[in-house]
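> Mapped onto our numbering, the consecutive letters of the sequence shown carry residue numbers 807 to 1168.
For glycine and all other residues, C-beta sits at the position ideal for the given N, C-alpha and C.
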Amino acid sequence: MNPDNDSLSPIPWDQIIRFSLLGVLALLAWIMVDVARYGGSNPVSLIQPGTLGPSSELIRQDFPEVQQPEGLGLDGQQYYAIARHPTDLETASRSLDNPRYRLGRPLLGWLASTVSLGASGVGLIWALFAVGLVGIAAGSIASGVLSTTWGGPPWVAALFPLLPGAWWSLRVTVSDALALGLALCAIALFVRNRHVAAIAVAVLAVLAKEPVVLLFIGWWLYDRTKRSALMVGIPAGAIAAWTAYLAWRLPPDSQRANDLGPPFLGLVEAFRDVWSQGNELVGMAATLGGLALGGFALYKRGLRHPLGWVLALQLGFILVMGVNPTSVNFGATRMAMPAMITGVIMVLTPNPSAAIEEELRP
807 MNPDNDSLSP
817 IPWDQIIRFS
827 LLGVLALLAW
837 IMVDVARYGG
847 SNPVSLIQPG
857 TLGPSSELIR
867 QDFPEVQQPE
877 GLGLDGQQYY
887 AIARHPTDLE
897 TASRSLDNPR
907 YRLGRPLLGW
917 LASTVSLGAS
927 GVGLIWALFA
937 VGLVGIAAGS
947 IASGVLSTTW
957 GGPPWVAALF
967 PLLPGAWWSL
977 RVTVSDALAL
987 GLALCAIALF
997 VRNRHVAAIA
1007 VAVLAVLAKE
1017 PVVLLFIGWW
1027 LYDRTKRSAL
1037 MVGIPAGAIA
1047 AWTAYLAWRL
1057 PPDSQRANDL
1067 GPPFLGLVEA
1077 FRDVWSQGNE
1087 LVGMAATLGG
1097 LALGGFALYK
1107 RGLRHPLGWV
1117 LALQLGFILV
1127 MGVNPTSVNF
1137 GATRMAMPAM
1147 ITGVIMVLTP
1157 NPSAAIEEEL
1167 RP
């Protein structure tokens, strides 16, 4: 019989919350400096539109006084478009470059639309920012819970908001940190024997960004129970159903590039075409740093650690990614995030508690 929560290590909530706040405040200060430097007082800078971007016309309608930068812009403008029309797929798709792909990650837009009470303009931008910030705070707290449950330090909670990928996620309004934060919350809930809540949060995580299902597959490879299988199957079924619905409602995407390829090819092309030219060096540091930290964590702790398979799958995912998400600052920092935080937790928790080990066995 599995032990109840009273047999688990107590959670030092006061310390975890304190360290989470420190990390989040440092992140906010970091972002405020960058916005002041490049965006002035204009909150539209948080969604990074561009005159050639897919959402340029929508931004022009909602912000007629804003002069958009030249170029395509970044992905935040498309999350704004989804939040602007959360239930009208056809209208939203007119402001998206690849509607099926973009609408396959709807949670950030849905939540922001709900928080803003259906507003548009500046209010919606701040709602997107608030939802992203809450997702980062959730990931911070979950990291602290996992660390302390397995005998590690509570200050791990301060690290999640300081990941380069967390900064990019919040600075340009994308869903990577929200998805990872929810995924870590799901695993933390599972560890604390809150299995129904864990599965529900896991569904939200894959609706934020579907590749986080790899974290749940990795967890199942460690746990090997019916409950952890459900934490893979139910979220995977939910995102598959949503994807099928989008395929029924919308035409196929015509511009979508393939971000996956043979192992190591993306890294080779990143070195040859990007990094060796002195470009995207933050992306280089993130990708190589994530691989190095993850490799070290696996060497030190192995697959027997509760997060061993989770990390192994993340490292494998990095190795099959194409040159764009592997090399550029905007993509590489976010792609390396899961490997970085799980690697840190593994290194700092050398002896997961006997109570958890016993709980996770049938």
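1. In whole angstroms, what separates the C-alpha of H1001 from that of P970?
2. By a C-beta neighbour count over all protein chains shown, 10 Å radius and 16 as the cutoff for buried, is P1156 buried or exposed?
3. What's the call for D840, buried or exposed, on a 16-neighbour Cβ count within 10 Å?
4. Any contact between the stretch 902-912 and the stretch 937-948? By contact I mean 3 or more CB pairs, one from each, below 8 Å.
5. Given this structure, state the Cα-to-Cα distance separating W1048 from P1017, to the nearest angstrom.
6. According to the neighbour-count rule (16 or more other Cβ atoms, all chains shown, within 10 Å of its Cβ), is E871 buried or exposed?
7. Given this structure, state the Cα-to-Cα distance separating G924 from L895, to the nearest angstrom.
8. Among A1076, L1125 and P1158, which residue has its Cα nearest to the Cα of L1109?
9. What first and last residue would you give for the alpha helix (DSSP H) that runs through Q821?
10. Just to confirm my understanding: we take A1076, look at its own chain, exclude 5 residues before and 5 after, and list those with CB closer than 6 Å. What are they?
11. From the DSSP output, in three-state form, read off L1071 for me.
12. One question on the structure: do I853 and I942 come within less than 7 Å of each other, judged by their Cβ atoms?
13. In the structure shown, what three-state DSSP assignment does L969 receive?
14. Entirely within the stretch 871-908 and at least 4 residues each: give me those alpha helix (DSSP H) ranges in chain order.
15. Would you kindly work out how many angstroms separate the C-alpha atoms of M1143 and A887, rounded to a whole number?
16. Determine the closest residue to P959 out of P816, V1116, N1135 and F1136, with distance taken between C-alpha atoms.
17. In the stretch 974-1000, which residue ranges form an unbroken beta strand (DSSP E) of at least 3 residues, counting only runs that do not cross its ends?
18. Does the structure place the stretch 1027-1034 close enough to the stretch 1074-1091 that three or more beta carbon pairs sit under 8 Å?
19. Would you report the Cα separation of V778 and L1154, rounded to the nearest angstrom?
20. G938 to R890, Cα distance in whole Å?
21. Use the C-beta contact count for T1148: other C-beta atoms within 10 angstroms, 16 or more gives buried, fewer gives exposed.
22. Within a Cβ cutoff of 7 Å, which residues of the same chain sit near F825, ignoring the five residues on either side of it in sequence?
23. Note down the Cα distance separating P809 from R908, rounded to an integer number of angstroms.
24. Going by DSSP, what residues sit across from M1127 in a beta bridge?
25. Go ahead and label M838 buried or exposed: buried means 16 or more other beta carbons lie within 10 angstroms of its beta carbon, across all protein chains shown.
26. Indicate whether the contact test is met: 3 or more Cβ pairs, each with one atom in the stretch 1109-1127 and one in the stretch 1056-1075, closer than 8 Å.
27. Kindly indicate which residue of T1093, M1037, G1114 and L831 has the alpha-carbon position closest to the one of L968.
28. I need the DSSP call for G1084, collapsed to helix, strand or coil.
29. Just reading off the alpha helix (DSSP H) that S861 is part of, what are its end residues?
With the given structure in hand:
1. Against the sequence shown, residue 1001 aligns to sequence position 195. Against the sequence shown, residue 970 aligns to sequence position 164. When the Cα atoms are used, H1001 and P970 turn out to be separated by approximately 31 Å.
2. Within the sequence shown, the letter at position 350 stands for residue 1156. So P1156 ends up on the exposed side.
3. As a working mapping, residue 840 is identified with position 34 in the sequence shown. Exposed, because fewer than 16 other Cβ atoms sit within 10 Å of the Cβ of D840.
4. No, because fewer than three Cβ pairs between the stretch 902-912 and the stretch 937-948 fall closer than 8 Å, the two stretches do not touch.
5. For the purposes of this step, residue 1048 is taken as residue 242 along the sequence shown, with counting starting at 1. For the purposes of this step, residue 1017 is taken as residue 211 along the sequence shown, with counting starting at 1. For W1048 and P1017, the distance between alpha carbons rounds to 14 Å.
6. Working through the sequence shown from its first residue, we reach residue 871 at position 65. E871 should be labelled exposed.
7. Here residue 924 refers to the residue found at position 118 of the sequence shown. Here residue 895 refers to the residue found at position 89 of the sequence shown. Inter-residue distance for G924 and L895 is about 15 Å (C-alpha atoms, whole angstroms).
8. Start at 1 with the first residue of the sequence shown, and residue 1109 comes out as number 303. Each of A1076, L1125 and P1158 was checked against the Cα of L1109, and the nearest Cα belongs to P1158.
9. In the sequence shown, counting from the first residue as 1, residue 821 sits at position 15. Run containing Q821: W819 to Y844, per the alpha helix (DSSP H) assignment.
10. What you label residue 1076 is simply residue 270 of the sequence shown in a count that begins at 1. Sequence-distant partners of A1076 (beyond 5 residues in either direction) whose C-beta falls short of 6 Å from its own C-beta, in its chain, are V1129, T1132 and S1133.
11. Numbered from its first residue, the sequence shown carries residue 1071 at position 265. Secondary structure of L1071 (DSSP, three-state): helix.
12. The residue you call residue 853 lines up with position 47 of the sequence shown. The residue you call residue 942 lines up with position 136 of the sequence shown. No, the pair does not count as a contact, with Cβ atoms beyond the cut-off.
13. Mapped onto the sequence shown, residue 969 falls at position 163. In this structure, L969 counts as coil in the three-state DSSP scheme.
14. DSSP runs (the alpha helix (DSSP H)) wholly in the stretch 871-908: 882-890 and 895-899.
15. The count along the sequence shown starts at 1 and reaches residue 1143 at position 337. The count along the sequence shown starts at 1 and reaches residue 887 at position 81. One C-alpha to the other measures close to 25 Å.
16. Numbered from its first residue, the sequence shown carries residue 959 at position 153. Of the candidates P816, V1116, N1135 and F1136, P816 places its Cα closest to the Cα of P959.
17. Counting only runs of 3 or more, we get nothing.
18. Because the criterion of three Cβ pairs below 8 Å is not met, the stretch 1074-1091 and the stretch 1027-1034 do not touch.
19. Outside the displayed span of the chain (807 to 1168) sits residue 778, for which this structure offers no information.
20. For the purposes of this step, residue 938 is taken as residue 132 along the sequence shown, with counting starting at 1. For the purposes of this step, residue 890 is taken as residue 84 along the sequence shown, with counting starting at 1. The C-alpha of R890 is placed about 16 Å away from the C-alpha of G938.
21. For the purposes of this step, residue 1148 is taken as residue 342 along the sequence shown, with counting starting at 1. So T1148 ends up on the buried side.
22. Within the sequence shown, the letter at position 19 stands for residue 825. So the list reads G950, P960, W961, A963 and A964, once near-sequence residues are dropped.
23. For the purposes of this step, residue 809 is taken as residue 3 along the sequence shown, with counting starting at 1. For the purposes of this step, residue 908 is taken as residue 102 along the sequence shown, with counting starting at 1. Unreliable placement is indicated for P809, whose pLDDT of 43 sits below 50; no coordinate value is reported for it.
24. Within the sequence shown, residue 1127 is the residue found at index 321, counting from 1. Answer is L1066, bridged to M1127.
25. Mapped onto the sequence shown, residue 838 falls at position 32. M838 counts as exposed, since fewer than 16 other C-beta atoms from the protein chains shown sit within 10 angstroms of its C-beta.
26. In short, these stretches touch, since the Cβ pair count reaches three.
27. As a working note, residue 968 is residue 162 in the sequence shown. Selection T1093, M1037, G1114 and L831 evaluated against L968 yields L831 as nearest (Cα-Cα).
28. In the sequence shown, residue 1084 corresponds to position 278, counting from 1. Note: G1084 maps to coil in three-state DSSP.
29. On the sequence shown, position 55 is the one that residue 861 refers to. Where S861 is concerned, there is no enclosing alpha helix (DSSP H), given that its DSSP letter is neither H nor E.
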